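So the structure is just underneath, and the comments pick up after that.
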Amino acid sequence: MSRIIYWLKQFVICALLGLFILTLLMRVGGGFIDSNKVHIRWWNMFAGPDGQHALGMVRSFNQSHSNIHVSMQRMDFNTFYSKVFVAGLGGRSPEVFVVHADLLPRFVEAGLVRSLDDLIDQSDIELNDFNSNVLETVIFDKKVFGIPLDIHPMGMYYNATLLEKSGIIDEFGKAKPPETSEEFIDALQKLSSDDHRAFVLTWARINMYTVMRQFNGEMFNEDFSICTLNSDENIRALEYIVELIYEHKLIPKPQNIDPYTGFKQGKVGMVFEGPWMIHDFMKQNNFKVKVSKIPMIGEQHATWTNSHCIVIRSDISDKKLDAAWALTEYLSNNSLQWANGGQVPARKSVRESEGFKAMSAQMKFAEQIDHAVYFPRVQFLFEFLAEFDLAIERALTGKMSPTEALNHATERINETIKRHKSIYIK
Amino acid sequence: MRRRLAGYLFILPYLFVFIPFVVLPLFIGMSLGFFQWEMLSPVEPRFVGLQQIRLAFNDPYFWNALKATSLFVLFCVPMTVILSLTIALGLHAIKQRQSIYRSIFVLPMMVNITVVGLLWRWMLNTDFGVFNGYLKYFGIQIPWTGEPGWAMLSIIMLTLWWGIGAPTIILLAGLKHIPKQYYEAAKVDGANSVRRFVSVTLPLLKPSLVFVLVTQLIASFQIFGQTFIVTKGGPNNSTRVLMHHIYETSFVQYRIGYGAAMSMLLFLVIVVITLIQYFLVKER
Amino acid sequence: MKYRRFIEFMVLVLAIIFLLPMLLIVLTSFKSEAEILNFSSLLPKNWTLSNYVRLFSNHEEIPIAVWTINSFLYASTTTLIVLIIDSLAAYGLARMNLRFSKTILAIFIATMMVPAQVQLIPTYLILNKFGWLDTMLAIVIPPTANAFGIFLLYQFFKKIPKDLEEAAALDGCSRLRMFWHIALPLSKPALATLGLLVFLGSWNDFLSPLVFLDSSDRLTLPVGIATFQSSYYSEYSLTLAAGTIATVPALLAFLIFQKSIIEGIAHSGLKD
Numbered sequence: 065m066s067r068i069i070y071w072l073k074q075f076v077i078c079a080l081l082g083l084f085i086l087t088l089l090m091r092v093g094g095g096f097i098d099s100n101k102v103h104i105r106w107w108n109m110f111a112g113p114d115g116q117h118a119l120g121m122v123r124s125f126n127q128s129h130s131n132i133h134v135s136m137q138r139m140d141f142n143t144f145y146s147k148v149f150v151a152g153l154g155g156r157s158p159e160v161f162v163v164h165a166d167l168l169p170r171f172v173e174a175g176l177v178r179s180l181d182d183l184i185d186q187s188d189i190e191l192n193d194f195n196s197n198v199l200e201t202v203i204f205d206k207k208v209f210g211i212p213l214d215i216h217p218m219g220m221y222y223n224a225t226l227l228e229k230s231g232i233i234d235e236f237g238k239a240k241p242p243e244t245s246e247e248f249i250d251a252l253q254k255l256s257s258d259d260h261r262a263f264v265l266t267w268a269r270i271n272m273y274t275v276m277r278q279f280n281g282e283m284f285n286e287d288f289s290i291c292t293l294n295s296d297e298n299i300r301a302l303e304y305i306v307e308l309i310y311e312h313k314l315i316p317k318p319q320n321i322d323p324y325t326g327f328k329q330g331k332v333g334m335v336f337e338g339p340w341m342i343h344d345f346m347k348q349n350n351f352k353v354k355v356s357k358i359p360m361i362g363e364q365h366a367t368w369t370n371s372h373c374i375v376i377r378s379d380i381s382d383k384k385l386d387a388a389w390a391l392t393e394y395l396s397n398n399s400l401q402w403a404n405g406g407q408v409p410a411r412k413s414v415r416e417s418e419g420f421k422a423m424s425a426q427m428k429f430a431e432q433i434d435h436a437v438y439f440p441r442v443q444f445l446f447e448f449l450a451e452f453d454l455a456i457e458r459a460l461t462g463k464m465s466p467t468e469a470l471n472h473a474t475e476r477i478n479e480t481i482k483r484h485k486s487i488y489i490k
Numbered sequence: 003m004r005r006r007l008a009g010y011l012f013i014l015p016y017l018f019v020f021i022p023f024v025v026l027p028l029f030i031g032m033s034l035g036f037f038q039w040e041m042l043s044p045v046e047p048r049f050v051g052l053q054q055i056r057l058a059f060n061d062p063y064f065w066n067a068l069k070a071t072s073l074f075v076l077f078c079v080p081m082t083v084i085l086s087l088t089i090a091l092g093l094h095a096i097k098q099r100q101s102i103y104r105s106i107f108v109l110p111m112m113v114n115i116t117v118v119g120l121l122w123r124w125m126l127n128t129d130f131g132v133f134n135g136y137l138k139y140f141g142i143q144i145p146w147t148g149e150p151g152w153a154m155l156s157i158i159m160l161t162l163w164w165g166i167g168a169p170t171i172i173l174l175a176g177l178k179h180i181p182k183q184y185y186e187a188a189k190v191d192g193a194n195s196v197r198r199f200v201s202v203t204l205p206l207l208k209p210s211l212v213f214v215l216v217t218q219l220i221a222s223f224q225i226f227g228q229t230f231i232v233t234k235g236g237p238n239n240s241t242r243v244l245m246h247h248i249y250e251t252s253f254v255q256y257r258i259g260y261g262a263a264m265s266m267l268l269f270l271v272i273v274v275i276t277l278i279q280y281f282l283v284k285e286r
Numbered sequence: 083m084k085y086r087r088f089i090e091f092m093v094l095v096l097a098i099i100f101l102l103p104m105l106l107i108v109l110t111s112f113k114s115e116a117e118i119l120n121f122s123s124l125l126p127k128n129w130t131l132s133n134y135v136r137l138f139s140n141h142e143e144i145p146i147a148v149w150t151i152n153s154f155l156y157a158s159t160t161t162l163i164v165l166i167i168d169s170l171a172a173y174g175l176a177r178m179n180l181r182f183s184k185t186i187l188a189i190f191i192a193t194m195m196v197p198a199q200v201q202l203i204p205t206y207l208i209l210n211k212f213g214w215l216d217t218m219l220a221i222v223i224p225p226t227a228n229a230f231g232i233f234l235l236y237q238f239f240k241k242i243p244k245d246l247e248e249a250a251a252l253d254g255c256s257r258l259r260m261f262w263h264i265a266l267p268l269s270k271p272a273l274a275t276l277g278l279l280v281f282l283g284s285w286n287d288f289l290s291p292l293v294f295l296d297s298s299d300r301l302t303l304p305v306g307i308a309t310f311q312s313s314y315y316s317e318y319s320l321t322l323a324a325g326t327i328a329t330v331p332a333l334l335a336f337l338i339f340q341k342s343i344i345e346g347i348a349h350s351g352l353k354d
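Just so you know, the sequences run in chain order A, B and C.
Residue numbering for the first sequence is 65 to 490, as defined by our numbering.
Residue numbering for the second sequence is 3 to 286, as defined by our numbering.
Residue numbering for the third sequence is 83 to 354, as defined by our numbering.
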């Protein structure tokens, strides 16, 4: 036995050594760069299935542009921003990258991204091809700093099989998703049973933001100098959901990390989620999943949204600028391909194409664009959201009353505003 | 003299990496704590002295993070030591199949944190997870990540599972090193097994135990990956540990200076605790 | 005898508890996505290799072979360098009667207490100055400053009997040759232990490849696996299959070297 182990050991040592030398040789030998091409890097946060579509677009771009080579790197949301930021520190930002519309203020303020007006003037991208509420997220001091690639408002996914079984149907016997607050409560009551839940809060942040905006809530005053998170409207919105959890027991207390799992298992009737879940949700084959607009729970229609914007680093060399812009244009022009991943193209002309109209689920998301709302345009959005998350979590889990939780958060955010003013404004 | 010089020459290659990649980063990192440097601000970094240390003392989230970290250390370190000692004693007592069992306890250490995090998130899921799926047969449902106390317990369980391997083999090796004669002598004196454990095993195992304790303490204070991936600091910030708070301050809010100042405080806490431990052990 | 049976039974129970999550990773990687979602039993009802096929068939999107080779290359180079420079330094400190050897050792050990995040940005800036970012050097060199290794080997070298080296000195043996022909062969177990720990550390490191590397063909397995998950979406099937693959080399290394490793720690001087 020990003899065998001895020889096994010898063998493995030799094999590892061989592999080591081999890989070292490969490293030294390979990796040459085609110097005839302009190399640019494109970083994005398209981890998961989104990234596959992005890779496909890069592949076809590289094929159709013989003088440019784009290498794409994808990371998940959190690590992406850390990495872009550290790269910026070392002067190694990628030539082209993606920033969420609501985080653009911070990047613009830091001077990390380039204004694109001169490039847009010479290209066939028309600014009025974007909806005004989408376009205004990329304009700062009348200058455009990014090209919105898509818009991803939150929608309602529902388990049509479950709805039909519970008698939430129209006159043809098909599932009829709730549209008003009465219908929503009715659906909650009909769907609740021992083996499944009517509705779960998935990403509490955007779920609650939507409800607050539906109740007319505002996060800040006009010039963002005072936080109004503890306004009566916001408190009412939060109390409404808290009551559904604790008094009416129609929604389970949120205590999970991946709450959408239940929906995928067919145990949840309805969830509010973004279009990024389309593929994952729709591939369930033992029940039918459909998409509809977010019901009007409060006093007006509203749904949270965000966009992926393509931006170019501010200190880009002239040689690379053309290539970077070519990529930006290409991605925007071909955003129909991107829509396959579930996103809604930001450009109206693309949304009017036959190709997009064939995507029925994406169309449902697109219907909500007019009353889609972004997070407030503040440079300290991360700090705001950290307090926002904590406050709604405290209220939804019953650790604090809605009023108390929102008051606490408002106080902290106002401190942040003060600090931000003292540090950022010269 | 030449001999001395030769000795230092032996250390030289290490210094070539030690100075640029340990001393220099440490020095830069520490001095950043005295500067107010917000990466995304157009305002240049400026020297503010101890202002950011004061800021940390007035930051309720800093204290909350310190509390969460201390709670974790307070429970996880003793549990790790006790569990690894139990396993090591058990492994030591059985002679057959020892290497198989040993491998099983070391196995989790080899899985990387991304996979470990995903696995545990799935197992711990309150409504649809593996644990509660089985507990349902007993009519129990536990909010593994839903309540502060349970969430901390979940993180400790995960850490125990993931990290028990290293302390176990260190203690096992320590046990193997205790000469059999001591036990035989104790037996002759009529000591029962409990007595033998207290008067022979423990004293002779002390160096290994101290080593495990010190390294576990240092590592536990720096806990990050587990909470960052599995509970994301929640619920109600109960598992938002210091490293997590520092990470978010530096890399999400881009407040480099403040993040560095808090790291400095964490470093001081670790040093003080290690020194206290050192003197407590030395006294005996 | 009964007593021993009982202990073995207890160890068995504990071992099963510890093994279950591992089994869950491996067995689940052979399940279909739908079966993963609706967990009903540990064993797959329908065994499938589809996750592995997906993992290996799409080379452009998931260059797992490249990631594995990179991880292996980085981890083994780091290990090799650590073994060389740590053993040299430990030898110098332990056997050369240096006046400040205790102090130097204490300084080295103290650096183990520095939280890793403190060093991240400074290290990035330094690597940038060196022009090492996005190269293998950025991953391989910084972690070679491994004080733990010096500590471990120091204890080991201290135990080598003086007469062995004195005899060698009489034969006109140089210090370097003593190091090579006496100290190193006697400390094989310690070197194996250190080698394994460094290899594992590098193999599983997530933060430094993520921050210091840009090009996707230079990434490592842990960073690659992380791209299967986004903040609101996780591909369990791919992650668990890749996790299984990433664990195998580490496991093989441990199984083969485990005897030396246990000896390594047993003799590492933790006794006093």
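We put the beta carbon where it would ideally sit given N, CA and C, even for glycine.
Remember, predicted model here, so these are calculated numbers, not experimental data.
Collapsing the DSSP output to three states places B/Val24 in a helix. Under the three-state reduction of DSSP, A/Ile380 is assigned to coil, being neither helix nor strand. Against chain A, the CB of B/Leu270 has no partner CB under 7 Å away; the residue lies outside that interface.
Chain-order list of chain C residues neighbouring A/Gln329: Leu119, Asn120, by C-beta distance under 8 Å. Residue range 261-263 is occupied by the beta strand (DSSP E) that includes A/Phe263.
Exposed is the label assigned to C/His141, since fewer than 16 other Cβ atoms lie within 10 Å of its Cβ.
A/Pro359 and A/Leu265 have their C-alpha atoms spaced approximately 14 Å apart.
Proximity to C/Ala274 across C/Leu235, C/Leu301, C/Gln311 peaks at C/Leu235, based on C-alpha coordinates. Taking the C-beta atoms as reference points, B/Gly35 is found nearer than 7 Å to B/Met266.
Under the DSSP assignment, C/Glu117 falls in the alpha helix (DSSP H) whose first and last residues are 115-119.
Residue pairing for A/Gly219: DSSP places it in a beta bridge opposite A/Glu337. DSSP links A/Ala239 through a beta bridge to A/Ile233.
Looking from the CA of C/Pro331, the closest CA among C/Ile163, C/Thr150, C/Leu162, C/Trp262 belongs to C/Thr150. In the DSSP assignment, the residues bridged to A/Asn108 are A/Arg138. Using a Cβ distance threshold of 7 Å, B/Leu126 and B/Ser156 count as a contacting pair. Shown here for A/Asn285: same chain residues with a beta carbon closer than 7 Å to its own, the five before and five after excluded, namely Thr292 in chain order. Counted as a single uninterrupted DSSP element, the alpha helix (DSSP H) harbouring B/Val196 occupies residues 195-198. Closest option to A/Pro323, judged by alpha-carbon separation, among A/Glu337, A/Glu311, A/Leu314: A/Glu337. When A/Thr225, A/Leu180, A/Glu228, A/Glu190 are compared, the shortest CA-CA separation from A/Asp205 is found for A/Leu180.
Taking a contact as a CB-CB distance under 8 Å, the pair A/Ser356 and A/Gly219 counts as one, their CB atoms being some 7 Å apart. Cβ proximity to chain A below 9 Å picks out Gln38, Glu40, Met41, Leu42, Ser43, Pro44, Val45 from the segment 33-56 of chain B. If you draw a straight line from the Cα of A/Ile342 to the Cα of A/Gly405, it comes to about 8 Å. No residue range can be given for C/Phe261, since it is assigned to no beta strand (DSSP E) and is classified by DSSP as neither H nor E. Close to C/Leu207, with beta-carbon spacing below 9 Å, are these residues of chain A in chain order: Leu153, Gly154.
Listed as beta-bridge partners of A/Met360 by DSSP are A/Thr244. Neighbours of C/Asp168 in chain B, taken as residues at a C-beta separation under 7 Å, are given in chain order as Tyr16. No Cβ-Cβ contact shorter than 7 Å links C/Leu170 with B/Pro181.
Of all residues in the segment 268-302 of chain C, only Leu282, Asn286, Phe288 place a beta-carbon less than 7 Å from a beta-carbon of chain B. Straight-line measurement puts the Cα of C/Ala265 at about 11 Å from the Cα of C/Lys244. Across the structure, C/Thr110 and C/Leu276 are spaced so that their CA atoms are roughly 33 Å apart. Contact check for B/Val254 against A/Phe444 fails: the beta carbons are separated by 7 Å or more.
Listed as beta-bridge partners of A/Cys291 by DSSP are A/Phe284. Taking a C-beta distance under 7 Å as the contact criterion, A/Asn370 and A/Ala165 qualify as a contact pair. Collapsing the DSSP output to three states places A/Lys412 in a helix. The Cβ atoms of B/Ala67 and B/Val243 lie closer than 7 Å to each other.
In the three-state DSSP reduction, C/Trp129 falls in the coil class, being neither helix nor strand.
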